[in-house]
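Residue numbers (the numbering used here): 98 to 425. Ideal placement from N, C-alpha and C gives every residue a C-beta, glycine not left out. Here the structure is a predicted model, which is why all the values come from computation and not from measurement.
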Amino acid sequence: MKTLLTACLVSLAFALISLAQSPAPPQTSQPGAPPVANPPGAPAIASPGAPAAVNPAAAAQLPTGTSPAGGPAAPAAPGAATSPAATVTATLSPAPGGGTEKPSGLSSNFLIDNFRKGGPIMWPILIISIIGLTVVIERIFWWTARWFRRDPKRIEKVFTAIENGDTAEASRLSRGTRDPVLRMMWNGLNHQHASLQGALQVAAGIEIKRAGRFLVVMDTLVTLAPLLGLLGTITGLIRSFSFLGNEELAVQAVTGGIAEALIATACGLGIAIFALIPFNFFTSRVSNLEFELQTAATNLEVMLGAQSAAREMEITGAPQTTGKGSSI
98 MKTLLTACLV SLAFALISLA QSPAPPQTSQ PGAPPVANPP GAPAIASPGA
148 PAAVNPAAAA QLPTGTSPAG GPAAPAAPGA ATSPAATVTA TLSPAPGGGT
198 EKPSGLSSNF LIDNFRKGGP IMWPILIISI IGLTVVIERI FWWTARWFRR
248 DPKRIEKVFT AIENGDTAEA SRLSRGTRDP VLRMMWNGLN HQHASLQGAL
298 QVAAGIEIKR AGRFLVVMDT LVTLAPLLGL LGTITGLIRS FSFLGNEELA
348 VQAVTGGIAE ALIATACGLG IAIFALIPFN FFTSRVSNLE FELQTAATNL
398 EVMLGAQSAA REMEITGAPQ TTGKGSSI
């Protein structure tokens, strides 16, 4: 179980680190920005919307009345001088209205943005959420493994052997098993000559302690998470009211503080609700296990007590009758 807890914590840490590392958005040149100078000797890079450099000799070879794209050109006005470079520039320039692509990546992630807006109180909330998730996963695996370890048929065989008076066979059947009820019965059968009731109580206490492990942690998380959310609410409201005197930053600061308060409260309540349901489920399972152990221990005591009384009667003989009649 310790290995499982370590693996869960490491995997959650790697997931958080990968979410926190957001890639930088690609740089795009804004329209109207001055062109970036290229280093000497580097080829010139044509930017969208800028006139392209065209060889005048190549432009001069174009036939009159045709455009570089291959279609018919518009007739020139009388007396107007047509420049080949201007014709090629007008053809190669892109059409206006082309939008730039929005940067994509984890920078606009909903969870990360809300985590940052929640303020510093989100870090302890994140820590208790990781602890709660790890405990829930560990308890689920433990109870699932216990479900497969149950052996009710062997328990019936042990009770049948005890009823027949064969305690050695009952001890052999209950030895080397992983069922908590059978382990308790084996402990009682091996110590029945010293203190049967004490041995059963000790074995049952060990099994209940194993089943109720980490329930105190979950109970603490259920109580602590809403309190941290409430603390985040108070700090967010304090931050909001501290900016009310400044008229320039009042609106933005107040809305940011209110968002911090609401996000912290929502996260605290969400963690409490997430931990409360499995906590009540695991508590009910522990209560059921305690009932099963008490029932098996009581049956074992009754059977062994009846056998001891029968052996004593066989040794001492039948009780003598007084010969007096009934008083009725």
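Residue j beta carbon less than 9 angstroms from that of residue i
i: residue 232; j: residue 311; result: yes
i: residue 337; j: residue 354; result: yes
i: residue 360; j: residue 229; result: no
i: residue 237; j: residue 276; result: no
i: residue 274; j: residue 246; result: yes
i: residue 404; j: residue 295; result: no
i: residue 209; j: residue 329; result: no
i: residue 256; j: residue 267; result: yes
Where residue i falls: helix, strand or coil (DSSP)
i: residue 274; result: coil
i: residue 210; result: helix
i: residue 280; result: helix
i: residue 310; result: coil
i: residue 218; result: coil
i: residue 365; result: helix
i: residue 261; result: coil
i: residue 288; result: coil
i: residue 336; result: helix
i: residue 408; result: helix
i: residue 248; result: coil
i: residue 413; result: helix
i: residue 184; result: Here residue 184 scores only 45 on pLDDT, less than 50, and its place in the model should not be relied on; the value that follows carries that caveat. Helix at residue 184.
7 angstroms CB neighbourhood of residue i in its chain, flanking five on each side removed
i: residue 321; result: 225
i: residue 339; result: none
i: residue 217; result: none
i: residue 248; result: 274, 276 and 279
i: residue 316; result: 376
i: residue 177; result: Low local confidence applies: a pLDDT of 43 at residue 177 is under 50, so the model's placement there is unreliable, with the coordinate-based value given in what follows. Hits under 7 angstroms: none found.
8 angstroms Cβ shell around residue i - same chain, five flanking residues per side excluded
i: residue 319; result: 369, 372, 373 and 376
i: residue 196; result: Caution is warranted here: a pLDDT of 40 is assigned to residue 196, below 50, making its placement in the model unreliable, and the coordinate value is therefore given only provisionally. Counting only Cβ-Cβ distances below 8 angstroms, and skipping sequence neighbours, we find nothing.
i: residue 393; result: 252, 278, 281 and 282
i: residue 301; result: 281, 387, 390, 391 and 394
i: residue 272; result: 283
i: residue 260; result: 400
Supposed contact pair residue j and residue i - C-beta distance, whole angstroms, cut 8 angstroms
i: residue 314; j: residue 389; result: Not a contact, Cβ separation roughly 24 angstroms.
i: residue 270; j: residue 254; result: 5 angstroms
i: residue 304; j: residue 333; result: Not a contact, Cβ separation roughly 47 angstroms.
i: residue 401; j: residue 297; result: With 8 angstroms as the limit, residue 401 and residue 297 do not qualify as a contact, their Cβ atoms being about 10 angstroms apart.
Beta-carbon proximity list for residue i, same chain, < 6 angstroms, skipping 5 on both sides
i: residue 308; result: 383 and 386
i: residue 39; result: Past the edges of the chain, shown from 98 to 425, lies residue 39, and the structure says nothing about it.
i: residue 299; result: none
i: residue 335; result: none
i: residue 258; result: 266 and 267
Legend entry - Stretch pair the region 386-401 + the region 281-288: three plus CB contacts closer than 8 angstroms: yes
Inset, instruction - Could you tell me whether the region 360-367 touches the region 268-285, where touching means 3 or more Cβ pairs closer than 8 angstroms? - result: no
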